[in-house]
Amino acid sequence: MRDIIKQKLPFKRFILTKAEAVELFQKQGADYKLELVSELDNQPISMYQQGDFTDLCRGPHILHTGMVKAFKLLSVAGAYWRGNEHNKMLQRIYGTAFADKKRLKQHLFRLEEAKKRDHRKLGQELDLFSIHPDVGAGLIIYHPKGAMLRNILEDFEKKEHLRRGYQLVMGPQLLKLDLWKKSGHYDNYRENMYFTEIDGRKYGIKPMNCLAHMLIYKSKIRSYRDLPIRYFELGAVYRHEKSGVLHGLMRVRGFTQDDAHILCTPQQLNDEIIGVIDFVQEVMDIFGFSYDIEISTRPAKSIGSDEAWQLATDALYNALNIKGLPYTINEGDGAFYGPKIDVKLRDAIGRSWQCATIQCDFTLPDKFKLCYIGEDGKRHTPVMLHRVILGALERFMGVLIEHYTGAFPLWLSPVQVKVLNITDNQKDYAESVARELIEQDIRAEIDIRGEKIGLKIKDAQLEKIPYMLIIGDKEKDSNQVAVRHRKKGRQATLPLEEFIKQVKTEVNQKSQ
RNA sequence: GCCGACGUAGCUCAGUGGCAGAGCAACUGAUUCGUAAUCAGUAGGCCGGGGGUUCAAAUCCCCCCGUCGGCUCCA
Numbered sequence: 211m212r213d214i215i216k217q218k219l220p221f222k223r224f225i226l227t228k229a230e231a232v233e234l235f236q237k238q239g240a241d242y243k244l245e246l247v248s249e250l251d252n253q254p255i256s257m258y259q260q261g262d263f264t265d266l267c268r269g270p271h272i273l274h275t276g277m278v279k280a281f282k283l284l285s286v287a288g289a290y291w292r293g294n295e296h297n298k299m300l301q302r303i304y305g306t307a308f309a310d311k312k313r314l315k316q317h318l319f320r321l322e323e324a325k326k327r328d329h330r331k332l333g334q335e336l337d338l339f340s341i342h343p344d345v346g347a348g349l350i351i352y353h354p355k356g357a358m359l360r361n362i363l364e365d366f367e368k369k370e371h372l373r374r375g376y377q378l379v380m381g382p383q384l385l386k387l388d389l390w391k392k393s394g395h396y397d398n399y400r401e402n403m404y405f406t407e408i409d410g411r412k413y414g415i416k417p418m419n420c421l422a423h424m425l426i427y428k429s430k431i432r433s434y435r436d437l438p439i440r441y442f443e444l445g446a447v448y449r450h451e452k453s454g455v456l457h458g459l460m461r462v463r464g465f466t467q468d469d470a471h472i473l474c475t476p477q478q479l480n481d482e483i484i485g486v487i488d489f490v491q492e493v494m495d496i497f498g499f500s501y502d503i504e505i506s507t508r509p510a511k512s513i514g515s516d517e518a519w520q521l522a523t524d525a526l527y528n529a530l531n532i533k534g535l536p537y538t539i540n541e542g543d544g545a546f547y548g549p550k551i552d553v554k555l556r557d558a559i560g561r562s563w564q565c566a567t568i569q570c571d572f573t574l575p576d577k578f579k580l581c582y583i584g585e586d587g588k589r590h591t592p593v594m595l596h597r598v599i600l601g602a603l604e605r606f607m608g609v610l611i612e613h614y615t616g617a618f619p620l621w622l623s624p625v626q627v628k629v630l631n632i633t634d635n636q637k638d639y640a641e642s643v644a645r646e647l648i649e650q651d652i653r654a655e656i657d658i659r660g661e662k663i664g665l666k667i668k669d670a671q672l673e674k675i676p677y678m679l680i681i682g683d684k685e686k687d688s689n690q691v692a693v694r695h696r697k698k699g700r701q702a703t704l705p706l707e708e709f710i711k712q713v714k715t716e717v718n719q720k721s722q
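The opening position of the first sequence corresponds to residue 211 in my numbering, with each subsequent residue numbered one higher.
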């Protein structure tokens with residue numbers, strides 16, 4: 211590459227007809243380029259030549275190779291020809307180039323910084339979770355602090371759902387195979403499911419939560435007056451994801467969805483979808499995420515009538531249009547039972563992660579013969595919305611860890627306050643301070659090791675604990691605490707009750 | 001699943017065929033100190049697992065498991 215750059219080879223653009231291009235690539239024996247060209251219409255084909263290398267490209271290019279002042283090859287990887295896993299795999303070389311060395315260095319520095327906030331690294335450093343080869347790939351073990359973070363999220367979710375008229379339900383991990391056959395999961399989702407056998411009967415481990423929810427609905431005769439019914443479950447599901455796609459907390463085989471199924475009349479559908487969109491927006495604002503919205507339409511492998519798909523897809527478009535939200539369309543990317551609205555969070559390093567999704571389903575209620583008695587006294591089939599807000603708690607936690615670089619806002623911090631005594635002389639007082647914090651539902655720890663205060667502060671900083679309370683003789687004698695904030699440093703010295711009040715205010719506001 | 005790389009102490013890593021190492025963490029002792037690292041000592045290993053080559057394997061070969069970077073697929 212250095213040689214090519216030194217030669218300052220110009221990039222020459224020229225146009226060929228299809229026949230000329232075919233002839234050229236035949237002569238070169240460039241089979242892949244030949245395949246691409248042969249599929250083009252009879253339009254002029256844009257070509258670029260640089261030295262003795264000729265390639266088809268729309269352009270534009272820089273003027274000559276000498277303009278590349280700084281480059282670095284980053285990685286090599288296999289890539290399927292034309293992005294199809296049934297095609298041959300070719301080798302792809304990844305690299306990056308800049309107009310000067312300084313900008314290349316800046317770019318590489320940013321990549322390094324991104325690595326530092328990788329949730330897998332932080333998850334280990336902050337002792338949040340682990341993944342054990344002996345347990346299995348894609349299966350998460352929550353350590354105390356990770357489990358605490360997850361519990362905080364779960365408590366938050368339950369409260370937010372109850373406020374919005376959802377009911378908490380729970381389904382089992384295993385359901386008989388026949389039920390999965392009835393729902394269409396066996397035909398359409400089998401490769402992602404795990405199966406087992408009990409007393410000679412076959413069971414499927416749930417990859418989704420909807421079946422039990424439909425059975426709850428079916429346990430009584432429902433009136434139109436009962437609708438909408440909103441069932442919420444923090445549902446643990448297991449899916450067989452291919453080994454190569456697993457990625458920390460972001461892509462796992464066992465995960466818990468903040469899943470709900472809303473059963474309503476067709477007339478209520480629009481309001482319900484808008485209600486969910488509002489819910490998503492309110493929650494994302496609390497965490498400070500920005501996001502993109504996509505609509506996914508009917509996939510090749512699917513169940514249900516064209517008419518039902520049309521109705522469902524229109525309902526989703528309609529809701530987004532009413533809300534005036536911009537969206538892009540993903541043709542054929544819907545679930546097998548219905549189209550969906552996906553909300554993709556943008557994380558701190560610009561990657562996007564699917565979290566919230568709203569799926570509109572006219573088909574499963576029909577298959578399971580769900581019904582309600584309408585105003586006319588006759589039976590009608592309800593519509594079902596499948597939806598998640600955070601998505602999978604595992605993935606959401608991964609995104610959160612990277613979003614905050616592990617420095618969670620006070621309301622999310624597994625440990626909110628750490629009490630540090632300076633010498634043994636303040637041990638009893640420090641312990642009473644920690645006890646009082648815990649008594650007040652503040653997540654507190656104490657460090658009474660015989661170490662110097664500087665070391666204790668350093669350790670607490672590395673643990674990214676929001677508040678440190680430094681306890682020396684001065685504090686002990688005046689019955690106060692010296693507050694240190696992990697980012698703002700030294701704060702006021704004040705009575706403990708005063709500090710507790712401040713913490714509670716900050717927690718209630720869910721400040722960033 | 002596919003292509004490639006990697007797997008050594010809790011963590012980060014050195015060790016390329018001949019006695020398994022370092023720093024940090026841990027543990028023990030001393031130190032009682034005012035806002036990011038006190039000192040000394042001790043312990044820690046089936047070198048991911050299994051098989052093979054060799055007088056001899058962390059090191060070379062094969063299989064499996066797992067991780068990482070991509071591809072395909074997805075919450």
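Where is the CB? At the ideal position from N, CA and C, for every residue including glycine. Treat the numbers as computed from the prediction; the structure is a model and nothing was measured.
Proximity winner among the options, relative to residue i (alpha-carbon distances)
i	options	result
ARG694	ARG659, TYR258 and LYS674	LYS674
MET418	ALA470, PHE572 and ALA287	ALA470
ASP516	SER393, ILE487, ILE539 and PHE546	PHE546
HIS274	VAL691, SER256, ASN297 and LEU219	LEU219
VAL286	GLY276, MET299 and VAL278	MET299
LEU421	ARG432, ILE472 and LEU372	ILE472
THR227	LYS279, ALA240 and PRO254	PRO254
LYS662	ASN631, LYS355, VAL553 and ILE652	ASN631
LEU384	GLY445, VAL553, LEU336 and GLN491	GLY445
GLU323	THR615, PRO619, LEU378 and VAL627	THR615
LYS311	PHE339, LYS326, PHE281 and LEU321	PHE281
MET678	HIS371, ASP262, ILE710 and SER688	ILE710
ASP265	GLN238, LYS391 and LEU250	GLN238
THR703	GLN719, LYS686, ARG302 and LYS697	LYS686
GLN701	ALA692, GLU708 and GLU707	ALA692
Residues sharing a beta bridge with residue i, DSSP
i	result
TRP563	LEU555
LEU300	ALA289
TYR501	LEU555
PHE339	TYR352
PRO220	HIS274
GLN569	LYS550 and HIS596
ILE583	SER433 and ARG589
ASN631	ILE681
Residue range of the alpha helix (DSSP H) that includes residue i
i	result
LYS311	311 to 326
GLU407	Per DSSP, GLU407 belongs to no alpha helix (DSSP H); it is in the beta strand (DSSP E), 404 to 408.
GLU728	The displayed coordinates of the chain run from 211 to 722. Any statement about residue 728 would go beyond what the structure contains.
ALA347	Run containing ALA347: none; DSSP gives neither H nor E here.
THR523	516 to 533
GLY333	329 to 335
GLN690	Neither: GLN690 is in no alpha helix (DSSP H) and is coded neither H nor E.
GLN712	706 to 719
SER256	Premise fails: SER256 lies in the beta strand (DSSP E), 255 to 260, not in any alpha helix (DSSP H).
VAL379	Here VAL379 belongs to no alpha helix (DSSP H), and DSSP marks it neither H nor E.
LYS428	420 to 428
Check whether residue i and residue j have beta carbons under 8 Å apart
i	j	result
LEU530	GLN478	no
GLY269	LEU284	no
GLY414	LEU387	yes
ARG461	LEU349	no
TYR448	TYR404	yes
GLU367	ASP468	yes
HIS729	VAL379	The question about residue 729 has no answer, for the chain in this structure spans 211 to 722.
VAL625	ARG653	yes
VAL278	ILE215	yes
ARG605	PHE489	no
ASP328	GLU504	no
ILE408	ILE484	no
ILE303	PHE221	no
Element boundaries [beta strand (DSSP E), containing residue i]
i	result
LYS386	384 to 386
ASP468	464 to 474
GLU612	GLU612 -> not in any beta strand (DSSP E); alpha helix (DSSP H) instead, spanning 603 to 613.
TYR242	Counting along the chain, TYR242 falls outside any beta strand (DSSP E), though it belongs to the alpha helix (DSSP H) covering 241 to 248.
ASP265	263 to 266
GLU443	439 to 448
ASP657	654 to 657
Closer than 7 Å: residue i CB and nearest the ligand COA heavy atom
i	result
MET424	In the structure shown, the ligand COA is absent, as is every other ligand, since no ligand is present at all.
Touching by the beta-carbon criterion (3+ pairs, under 8 Å), the region 514 to 530 and the region 568 to 575:
A contact exists between the region 514 to 530 and the region 568 to 575.
Okay, do the region 590 to 605 and the region 627 to 645 touch, 3+ Cβ pairs below 8 Å being the bar?
Three or more beta-carbon pairs separated by less than 8 Å are not found between the region 590 to 605 and the region 627 to 645, which leaves the two stretches without contact.
When you compare the region 423 to 435 with the region 323 to 334, are there three or more beta-carbon pairs, one atom per stretch, that lie closer than 8 Å?
The region 423 to 435 is not in contact with the region 323 to 334.
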